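Trainee:
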C-alpha cells in the first residue's frame, strides 16, 4: 500500500531532500566519477548520529522572487 501521502511533503519541508538525499546522491555520483569508494551505509549512520542540517535564509519577499524567476526562465 505504501506510506501516507503526506510522507512526501514531510521530506521536503523537513529538509531531508536538501540535507540528506541531495548530499547522498552527490557523493554517490562523485564515486562514479572519480572511482573513489563511498561507503553509503557508514555515511548514513554518521548522518543519523550527527545530522548536518543546513542553515537557510528565508526569502524576504517570496512573491517578488517568484516573479523574477518566472521572468528569467520564461524567455
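Residue numbers (the numbering used here): 4 to 78.
We put the beta carbon where it would ideally sit given N, CA and C, even for glycine.
Remember, predicted model here, so these are calculated numbers, not experimental data.
Given 8 Å as the limit, is there contact between the stretch 59–72 and the stretch 30–41, that is, 3 or more CB pairs closer than that?
Mentor: Taking 8 Å as the limit for Cβ pairs, the verdict is that the stretch 30–41 does not touch the stretch 59–72.
Trainee: In this structure, does DSSP put residue 59 in helix, strand or coil?
Mentor: Residue 59 falls in the coil class under three-state DSSP.
Trainee: How far does the alpha helix (DSSP H) with residue 40 in it reach, from first residue to last?
Mentor: That residue, residue 40, is in no alpha helix (DSSP H); it is neither H nor E in DSSP.
Trainee: Using the three-state DSSP reduction, which class does residue 64 fall into: helix, strand or coil?
Mentor: Of the three classes helix, strand and coil, the one that applies to residue 64 here is coil, per DSSP.
Trainee: May I have the straight-line CA-CA distance separating residue 48 from residue 39, to the nearest angstrom?
Mentor: Approximately 19 Å, taken between the alpha carbons.
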